[in-house]
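Notes follow once the structure below has been shown.
Numbering (our numbering), first residue to last: 120 to 268.
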């Protein structure tokens with residue numbers, strides 16, 4: 120299971136001490152969807168299920184805490200305020216690409232090493248200078264290093 124592929128996220132298994140046998144409660148929703156609530160004292164699960172039986176939204180509550188899983192063709196988050204995501208580790212993966220844009224300034228900062236890797240790379244300033252600053256040596260390595268060409 121990869122950290123960046125939501126298709127690899129397995130449904131949460133009930134905890135061993137979970138109330139086995141607690142009958143799920145199902146509420147019919149529009150267009151054949153349903154809301155399924157199941158569990159007992161130790162483990163609960165709420166699922167939004169499509170007509171085929173696939174769970175697209177799942178909230179599990181157990182001794183390990185709350186777990187949220189969202190599956191589907193698209194997901195959009197929008198807010199007029201700030202959006203903050205904090206985790207021990209964060210992985211973003213776009214199978215066909217990633218685009219980060221802003222109408223303001225952008226900053227990427229790492230307390231440790233920062234590395235960018237790509238088949239080729241372009242650093243471009245649409246308007247203004249490009250500055251490279253280091254508190255130690257600046258090393259440029261390449262088959263050919265062309266300056267001012």
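All C-beta atoms, glycine included, are put in the ideal place defined by N, C-alpha and C.
Less than 7 Å between C-beta atoms, sequence neighbours within five positions excluded: which residues of the same chain meet that for residue i?
i: residue 249; result: 242
i: residue 257; result: 251
For residue i, which residues from the same chain have a beta carbon less than 8 Å from its beta carbon, with the 5 sequence-adjacent residues on both sides left out?
i: residue 196; result: 202
Going by beta carbon distance, what residues of the same chain come within less than 6 Å of residue i, once the five residues before and after it are set aside?
i: residue 130; result: Residue placement at residue 130 cannot be trusted, given a pLDDT of 46 that sits under 50; the coordinates are not used to answer.
i: residue 305; result: No answer is possible for residue 305: the residues shown for the chain start at 120 and end at 268.
i: residue 147; result: 153
Going by other Cβ atoms of all chains shown within 10 Å of its Cβ, with 16 needed for buried, is residue i buried or exposed?
i: residue 222; result: exposed
i: residue 234; result: exposed
i: residue 184; result: exposed
i: residue 179; result: buried
i: residue 164; result: buried
i: residue 158; result: buried
Would you please verify whether the beta carbon of residue i is less than 8 Å from any beta carbon of chain D?
i: residue 257; result: The structure shown contains no chain D; it holds only a single protein chain.
Go through the region 129-213 residue by residue and report every complete run of the beta strand (DSSP E) that reaches 3 residues or more, in order.
144-147, 153-158, 163-168, 174-181, 184-189
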